[in-house]
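In what follows, a single structure is set out as structure tokens and then discussed.
2 protein chains.
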Amino acid sequence: MSAVERDPEGSDEVVDESAGEAAGEPDDAAWAEVTPDAARRLLVAAVDAFAERGYHATTTRDIAGRAGMSPAALYIHYKTKEELLHRISRIGHDRALKIMRDAADSGGTAAERLDRAVRSFVGWHALRHTTARVVQYELDALGPEHRAEIIELRRGTDAAVREMISDGVRDGEFEVPDIPGTTLAVISLCIDVARWFKVGGARTPEEIGALYAGLVLRMVGAGEK
Amino acid sequence: MSAVERDPEGSDEVVDESAGEAAGEPDDAAWAEVTPDAARRLLVAAVDAFAERGYHATTTRDIAGRAGMSPAALYIHYKTKEELLHRISRIGHDRALKIMRDAADSGGTAAERLDRAVRSFVGWHALRHTTARVVQYELDALGPEHRAEIIELRRGTDAAVREMISDGVRDGEFEVPDIPGTTLAVISLCIDVARWFKVGGARTPEEIGALYAGLVLRMVGAGEK
DNA sequence: CCCGACACTGAGCAAGCGCTTAGCGTGCGG
DNA sequence: CCGCACGCTAAGCGCTTGCTCAGTGTCGGG
Numbered sequence: 001m002s003a004v005e006r007d008p009e010g011s012d013e014v015v016d017e018s019a020g021e022a023a024g025e026p027d028d029a030a031w032a033e034v035t036p037d038a039a040r041r042l043l044v045a046a047v048d049a050f051a052e053r054g055y056h057a058t059t060t061r062d063i064a065g066r067a068g069m070s071p072a073a074l075y076i077h078y079k080t081k082e083e084l085l086h087r088i089s090r091i092g093h094d095r096a097l098k099i100m101r102d103a104a105d106s107g108g109t110a111a112e113r114l115d116r117a118v119r120s121f122v123g124w125h126a127l128r129h130t131t132a133r134v135v136q137y138e139l140d141a142l143g144p145e146h147r148a149e150i151i152e153l154r155r156g157t158d159a160a161v162r163e164m165i166s167d168g169v170r171d172g173e174f175e176v177p178d179i180p181g182t183t184l185a186v187i188s189l190c191i192d193v194a195r196w197f198k199v200g201g202a203r204t205p206e207e208i209g210a211l212y213a214g215l216v217l218r219m220v221g222a223g224e225k
Numbered sequence: 001m002s003a004v005e006r007d008p009e010g011s012d013e014v015v016d017e018s019a020g021e022a023a024g025e026p027d028d029a030a031w032a033e034v035t036p037d038a039a040r041r042l043l044v045a046a047v048d049a050f051a052e053r054g055y056h057a058t059t060t061r062d063i064a065g066r067a068g069m070s071p072a073a074l075y076i077h078y079k080t081k082e083e084l085l086h087r088i089s090r091i092g093h094d095r096a097l098k099i100m101r102d103a104a105d106s107g108g109t110a111a112e113r114l115d116r117a118v119r120s121f122v123g124w125h126a127l128r129h130t131t132a133r134v135v136q137y138e139l140d141a142l143g144p145e146h147r148a149e150i151i152e153l154r155r156g157t158d159a160a161v162r163e164m165i166s167d168g169v170r171d172g173e174f175e176v177p178d179i180p181g182t183t184l185a186v187i188s189l190c191i192d193v194a195r196w197f198k199v200g201g202a203r204t205p206e207e208i209g210a211l212y213a214g215l216v217l218r219m220v221g222a223g224e225k
């Protein structure tokens, strides 16, 4: 049982998010695209610190300390603390959007695609809850132009979900009176996983993904499976 | 059409939350229990500031300024900034718990009670989204003992929802495979309203409450109405 | 007309913040 | 073996933070 659904006609090069460390916490491999090494260590430290205490409560000294460096080292790789948050937010949202789009563009019925979407989107929010928490809840700490950029990415996620629901309604699979409202509720439900998920909890990310996929299919009235 | 469901056998003295200002924002009347007047003005100012910028990004000077007072005046009525947050959090959670319990203890079928619960709980999170945002998302800013106290209140909310769902399953009204998981998802869905709700949005708090109540009834498989 | 109680202010303290700068060690091209 | 570019640190600058404290104006009782 693989964690994240492997879609048949997905992208060419897929970094399997669930491989490597099964525990979920030390998601260093997920930031492979960040170079050089010291910059990545700082970024991972920042993700942990931001998720734990929030952006404003985190000091640059704390971030540098977690990365095993002096406070000044941070400013060799990042112009400001806000730039660090932006890099994290950008990469995280790119990843979340890709997960959603891959599911939306995969084959099968609308119900199958929505199931895959919720399953992997929720799975990511649980497995990478540290990243997801920063990405989803520290948006207001970004500067205006950076925030606008991220909001644009979120619109893409929104559109993908609305698309799947609309398709299902068109094909008679779903029965939903308020498509924009239900879209909002579905995404809202998925995102909030990042707030409450704890590593020692009763459920694995995959289990939560499966549970939520079922609940969402009920929300859209997918009675006939 | 009244905003918050008026349960027939509810409590004796009910402060109608939706009365007074229809706009929703200046919820000064909701804090009538806070005295003296200056203490309440400071608390309302703190709610606005915390909701807007977050607890850590808010300065005591900002709070005092919004209340039209000097920074030092804050410390006549509150020992620390954290005590202010605690008072807000305590009152807000008391209110949220009461809303949930009133619905759970009201008469009728499990579906009717769950409908009322989600409708009013969500309605409150939308109408009082400023308060709700602080109450639901600034929990980590509280000191350990204050946080523990609030978490205890949340357990009560959780229990009320689980109770209603369990009753529905017992009576054959609902069909849910995972009661604790579904309980969690329902509360999660409701709480996240406070994150995304904006006053200028397309829907009123009552409309969102109605939409969400319908979605939740689908989640628990309440097919036979 | 005085007096103390009271709610509040102006000024400011110690600590901690984001960020800068001068300098140091190390490794690599010549 | 030199020299310099590079990644990093120690020290610290200017500012803001939560919070304090010596007053100040006001007001009711005697």
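So the sequences go chain by chain: A and B. Just so you know, we're using the working numbering here: the first sequence kicks off at 1 and counts up by one. Just so you know, we're using the working numbering here: the second sequence kicks off at 1 and counts up by one. Heads up, the beta-carbon is just placed ideally off N, CA and C, and yes, glycines get one too.
In chain order, L97 place their CB closer than 6 Å to the CB of G156/B, counting only its own chain and leaving out the 5 sequence neighbours on each side.
For R128/B, the three-state secondary structure derived from DSSP is coil.
Here D171/A carries a coil assignment [DSSP, helix/strand/coil]. In terms of beta-carbon proximity, H77/A stays away from the interface with chain B, with every pair separated by 7 Å or more. A distance of 7 Å or more separates the beta carbons of A126/B and F174/B. Counting only Cβ-Cβ distances below 7 Å, R218/A has contacts in chain B at R218, M219 and G221, in chain order. If the five residues before and after D62/B are omitted, its C-beta is found closer than 6 Å to the C-beta atoms of A49, all from its own chain and listed in chain order. For G54/A, no alpha helix (DSSP H) encloses it, and the DSSP letter there is neither H nor E. By the criterion of a C-beta distance shorter than 8 Å, I165/B is surrounded in its chain by A110, L114, F174, V176, I179, T182, T183, V186 and V220, once the five residues flanking it on both sides are discounted. In chain order, L211 and L215 make up the part of chain B whose C-beta sits under 9 Å from the C-beta of T182/A. Between V135/A and H93/A, the C-beta gap is smaller than 7 Å, which places the two residues in contact. Under the 8 Å Cβ criterion, the stretch 81-92 of chain A counts as touching the stretch 139-154 of chain A, having at least three qualifying pairs.
Apart from sequence neighbours up to five positions away, no residue of its chain approaches A32/A with a beta-carbon distance below 6 Å. For D62/B, no CB of chain A lies under 7 Å from its own CB, so it is not counted at the interface with that chain. At a cut-off of 7 Å between beta carbons, G54/A contacts chain B. With distances taken between CA atoms, A103/B lies nearest to V161/B out of L217/B, A210/B, V161/B and P36/B. Bounds of the alpha helix (DSSP H) holding E207/B are P205 to M219.
Annotation: the stretch 139-202 of chain B contains no complete segment of the beta strand (DSSP E) (minimum length 3 residues).
With a 10 Å radius around the Cβ and a threshold of 16 neighbouring Cβ atoms, T59/B comes out exposed. Residue environment analysis places I99/A among the buried positions, since at least 16 neighbouring C-beta atoms fall within 10 angstroms of its C-beta.
The beta carbon of H146/B sits closer than 6 Å to those of H86, all from its chain and outside the five residues before and after it, given in chain order. Residues A64 of the same chain have their beta carbon placed closer than 7 Å to that of S70/A, with the five preceding and five following residues left out of the count. For S70/B, no CB of chain A lies under 7 Å from its own CB, so it is not counted at the interface with that chain. For E163/A, the CB contacts under 8 Å within the same chain, skipping 5 residues up- and downstream, are A104 in chain order. With a threshold of 7 Å between beta carbons, A194/B makes no contact with chain A. A Cβ-Cβ distance of about 19 Å is found for the pair H56/B and A45/A, leaving them out of contact under the 8 Å criterion.
Scanning its chain for C-beta atoms nearer than 6 Å, with the 5 sequence neighbours on each side dropped, one finds around I191/B the residues Q136, in chain order. The three-state reading of DSSP puts P36/B in coil, since its state is none of H, G, I, E or B. Close CB contacts of F197/A within its chain, under the 6 Å cut and outside five residues either way in sequence, are with A126 and H129 (chain order). DSSP, read as helix, strand or coil, puts M100/B in helix.
At least 7 Å separates the beta-carbon of V118/B from that of I208/B. Its chain contains D115, V118 and R119 as the residues whose beta carbon lies nearer than 7 Å to that of A213/B, once the 5 sequence neighbours on both sides are disregarded; these appear in chain order.
For A148/B, no chain A residue has a C-beta closer than 8 Å to its own C-beta; the minimum C-beta separation is roughly 16 Å. DSSP, read as helix, strand or coil, puts Y137/A in helix.
For the pair R133/B and A72/B, the CB atoms are not nearer than the 7 Å cut-off.
Contact note: S188/B reaches chain A through L189, D192, V193, R195 and W196, using a C-beta cutoff of 8 Å and chain order.
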